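2 protein chains.
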Amino acid sequence: MDRTSAFLARLQDNATRTETLLSALLSDVAFADEIIRPGQLLAAMRHGVLNGGKRLRPFLVIETARLLGGDAAAALRIGAALECIHCYSLVHDDLPAMDDDDVRRGQPTVHIAFTEATAILAGDSLLTFAFDIVAAPETTLPDAQKLDLVLALARAAGIGGMAGGQMLDLAAETTAPDEAGIVTLQAMKTGALIRFACESGAIVAGAPVEDRLRLRQFGEKIGLAFQLADDLLDLTADAQTMGKATGKDQGRGKQTLVSLHGQDWARSTLSRLIDEASVLLLPYGDGSDILIEAAHFVANRRN
Amino acid sequence: MDRTSAFLARLQDNATRTETLLSALLSDVAFADEIIRPGQLLAAMRHGVLNGGKRLRPFLVIETARLLGGDAAAALRIGAALECIHCYSLVHDDLPAMDDDDVRRGQPTVHIAFTEATAILAGDSLLTFAFDIVAAPETTLPDAQKLDLVLALARAAGIGGMAGGQMLDLAAETTAPDEAGIVTLQAMKTGALIRFACESGAIVAGAPVEDRLRLRQFGEKIGLAFQLADDLLDLTADAQTMGKATGKDQGRGKQTLVSLHGQDWARSTLSRLIDEASVLLLPYGDGSDILIEAAHFVANRRN
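Residue numbers (this note's numbering), protein chains in the order written: chain W, 51 to 353; chain Y, 51 to 353.
Next comes the structure, spelled out in structure tokens:
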């Protein structure tokens, strides 16, 4: 099996395990200290999460933890928690007051399949549930590491991370940011969770601070590549391939680094980011092949 | 000073300290691992939180922790985190797709003062920030207690607690629940956070499990009393006293225990709940006077 096939098989395997765990956690049996789980809300949460995504963020958690010798079951749980955060952000981002999208991954969005109020509450509940998953006794890590994960996840997801990035993104529709503004927006909106994905593997593994910083930098490179590839796709792909509306940045007059510097610049920058990401993982030898392949995948993805 | 005056003074003092802490935490200086804090989002979060509430939930955290010898600074932080959760729920509850309220505590709601999208993100960010406050190093408690607090807070706020209760509450507008359904709805929508407030004081104090259960039961009594008093007020108070719309349950044909059993039943039940709550705190002697006074306040409040 060549490296690309090996990567795709591992991506699929991790995605399946993540979905199996999420499906089990999001059952109609209430946990201790819960009262009941209302069926409509649970169904909306499941609709928002169990929708066939690539599960790139859980993959990064699982594989960076594996690289550094972290516990696989714990990494899977952190990946599942992170996916709850990612999916809540999509549920809220799709709302009429936000991006107003009816379709995601070829399926009706949560507020279309259910109601707008249900989608708001489903997003809120998924966000809350992420911290439940990290803190629960079933996450068999030392308490200090679990608290590090709670804090890092909250900061990656909150006002100084993803949610703040969404705010900047909305503002960018009316007030065009300059290049520095675009970089900040993207580092927050999509970068923060991807950076957390890679850094959290090091936290799960209880790795020394140098490894944690190295994986964090790796995550930053991947995050930048992810966003550049996304901006390129918005210009070049069609809605059917993407399973969602495309050309939206252009349609809204929203500037991206690609619209500022052109597609050739974007492709050469992607190439440079992959090289830099690979160099960061050199100390880990062959064990990092799968993560370097992931960097290529992120940069070259077609949807 | 009589007991009522002493209670009101303490309530005010705790509220001031909670607001001072929240105002400091919600400054424009980003924490470590945050990128920047977008000004509009920060302003909306502050609007949603620093709005002159009674801060009953932080009061209960602080005073139950004090009763059991818990660290005061840590209790204040947990109270502030809980208030972020309570206020996020109000911000989202006021949205057009939910209760569609323009005014809260005499001020425009967040989506009126800002935009609907900003209100969604401000609520999301407040919810996320609550877990930041609990997990941050500045909360100087043993790691095991902090994790207990993260988990208990997530369960009180999530699908099996407050958010699930809001879902049931929305459903109750179209499908009238029976008495058991109303009890469950209220235990989730308002009861779960109040129960957490009281139980969390015992967690902060590192108290034995019997104390934790006792405080939890106390919180359940207070929560029931709070909701009964709220239902009574919805029938009897005017909008000016409440600082928000009243008569809404009736207007929407929504059943409450008061509409089922009448105001006399409600008043005698409130009286019984206060007695039961007081009995639970007998083992703590005079130290519990302020909490018993709080139970009276909750049951007899006029707004």
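Even for Gly, the Cβ is constructed at its ideal location relative to N, Cα and C.
From a predicted model like this one, the values you see are computed outputs, not experimental measurements.
Beta carbon of residue i: closer than 7 Å to some heavy atom of the ligand ZN?
i: Gly335(Y); result: As for the ligand ZN, it is missing from this structure, which has no ligand bound.
Restricting to Cα atoms, I'd like to know which of the options is closest to residue i.
i: Ala180(W); options: Leu263(W), Thr240(W), Leu71(W), Arg245(W); result: Leu71(W)
i: Ala167(Y); options: Asp144(W), Ala185(W), Ala94(W); result: Asp144(W)
i: Ala65(W); options: Leu92(W), Arg127(W), Asp198(W), Arg317(W); result: Arg127(W)
i: Phe246(Y); options: Arg60(W), Leu58(W), Ile85(W); result: Ile85(W)
i: Gly210(W); options: Leu75(Y), Leu191(Y), Ala130(Y); result: Leu75(Y)
i: Arg322(Y); options: Ala344(Y), Gly312(Y), Ala349(Y); result: Ala349(Y)
i: Ala257(Y); options: His142(Y), Leu61(Y), Asp198(Y); result: Asp198(Y)
i: Val200(W); options: Arg53(W), Leu177(W), Ala344(W); result: Leu177(W)
i: Gln195(Y); options: Asp228(W), Phe268(W), Ala185(W), Asn101(W); result: Ala185(W)
i: Leu310(W); options: Val233(W), Lys271(W), Val329(W); result: Val233(W)
i: Ala172(Y); options: Gly98(Y), Leu285(Y), Glu260(Y); result: Gly98(Y)
i: Gly102(Y); options: Met217(Y), Leu331(Y), Arg155(Y), Glu343(Y); result: Arg155(Y)
i: Glu260(Y); options: Ala226(Y), Ile162(Y), Leu330(Y), Lys304(Y); result: Leu330(Y)
i: Thr189(Y); options: Ala124(Y), Thr319(Y), Thr68(Y); result: Ala124(Y)
i: His161(Y); options: Asp52(W), Met148(W), Asp219(W); result: Met148(W)
i: Tyr334(Y); options: Thr225(Y), Leu265(Y), Ile135(Y); result: Leu265(Y)
i: Leu132(W); options: Ser73(W), Ala207(W), Gly119(W); result: Ala207(W)
i: Ile244(W); options: His136(W), Leu282(W), Phe57(W); result: His136(W)
i: Cys134(Y); options: Gln277(Y), Met95(Y), Asp150(Y), Val79(Y); result: Met95(Y)
i: Leu110(W); options: Gly129(W), Ser318(W), Leu235(W), Arg317(W); result: Gly129(W)
i: Leu282(W); options: Leu263(W), Phe268(W), Gln267(W), Leu320(W); result: Leu320(W)
i: Ala255(Y); options: Met238(Y), Pro192(Y), Thr240(Y), Lys304(Y); result: Pro192(Y)
i: Glu223(Y); options: Phe276(Y), Ala163(Y), Leu91(Y), Thr306(Y); result: Thr306(Y)
i: Leu91(Y); options: Ala80(W), Arg107(W), Met212(W); result: Met212(W)
i: Arg105(Y); options: Glu69(Y), Asp121(Y), Gly120(Y); result: Glu69(Y)
i: Arg262(W); options: Ile324(W), Ala221(W), Ala202(W); result: Ala202(W)
Quick check on the DSSP output: the alpha helix (DSSP H) that includes residue i runs from which residue to which?
i: Thr234(W); result: 229–236
i: Glu133(Y); result: 122–143
i: Gln305(Y); result: Premise fails: Gln305(Y) is in no alpha helix (DSSP H) and is neither H nor E.
i: Asp18(Y); result: Because residue 18(Y) is not part of the residues shown, which for chain Y are 51 to 353, the question remains open.
i: Gly251(W); result: 242–254
i: Arg264(Y); result: 259–286
i: Thr165(W); result: Here Thr165(W) belongs to no alpha helix (DSSP H), and DSSP marks it neither H nor E.
i: Leu76(W); result: Taken as a continuous stretch (DSSP letters only), Leu76(W) belongs to no alpha helix (DSSP H), as it is neither H nor E.
i: Ile342(W); result: 339–350
Is there a Cβ of chain W sitting closer than 8 Å to that of residue i, yes or no?
i: Ile209(Y); result: yes
i: Ser73(Y); result: no
i: Arg205(Y); result: yes
i: His136(Y); result: no
i: Phe181(Y); result: yes
i: Thr190(Y); result: no
i: Ala237(Y); result: yes
i: Gly214(Y); result: yes
i: Ser77(Y); result: no
i: Ala167(Y); result: yes
i: Phe276(Y); result: no
i: Thr178(Y); result: yes
i: Ala186(Y); result: yes
Using beta carbons (cut-off 8 Å, strictly below), is residue i in contact with chain Y?
i: Val153(W); result: no
i: Gly119(W); result: no
i: Pro88(W); result: yes
i: Ser250(W); result: no
i: Ile253(W); result: no
i: Lys196(W); result: yes
i: Leu92(W); result: yes
i: Leu201(W); result: yes
i: Ala125(W); result: no
i: Thr66(W); result: no
i: His97(W); result: no
i: Glu343(W); result: no
i: Phe81(W); result: yes
i: Leu132(W); result: no
i: Ala163(W); result: no
i: Thr224(W); result: no
i: Met217(W); result: yes
i: His346(W); result: no
Are three or more beta carbon pairs between the stretch 104–117 of chain Y and the stretch 246–255 of chain Y nearer than 8 Å? Because the criterion of three Cβ pairs below 8 Å is met, the stretch 104–117 of chain Y and the stretch 246–255 of chain Y touch.
Quick one: which unbroken alpha helix (DSSP H) runs of 4-plus residues sit fully inside the stretch 176–235 of chain Y? Chain order, please. Segments of the alpha helix (DSSP H) lying fully in the stretch 176–235 of chain Y: 193–207, 212–221.
If contact is defined by three or more beta carbon pairs under 8 Å, each pair taking one atom from either stretch, is the stretch 334–349 of chain W in contact with the stretch 258–273 of chain W? Taking 8 Å as the limit for Cβ pairs, the verdict is that the stretch 334–349 of chain W does touch the stretch 258–273 of chain W.
Runs of 4 residues minimum, wholly inside the stretch 99–124 of chain W: which ones carry the alpha helix (DSSP H) assignment? Given a length threshold of 4 residues, each whole run of the alpha helix (DSSP H) inside the stretch 99–124 of chain W is given here in chain order: 106–117.
Using a Cβ-Cβ cutoff of 8 Å, what residues of the stretch 260–273 of chain W are near chain A? List them in chain order. Protein chains W and Y are contained in the structure displayed, whereas chain A is not.
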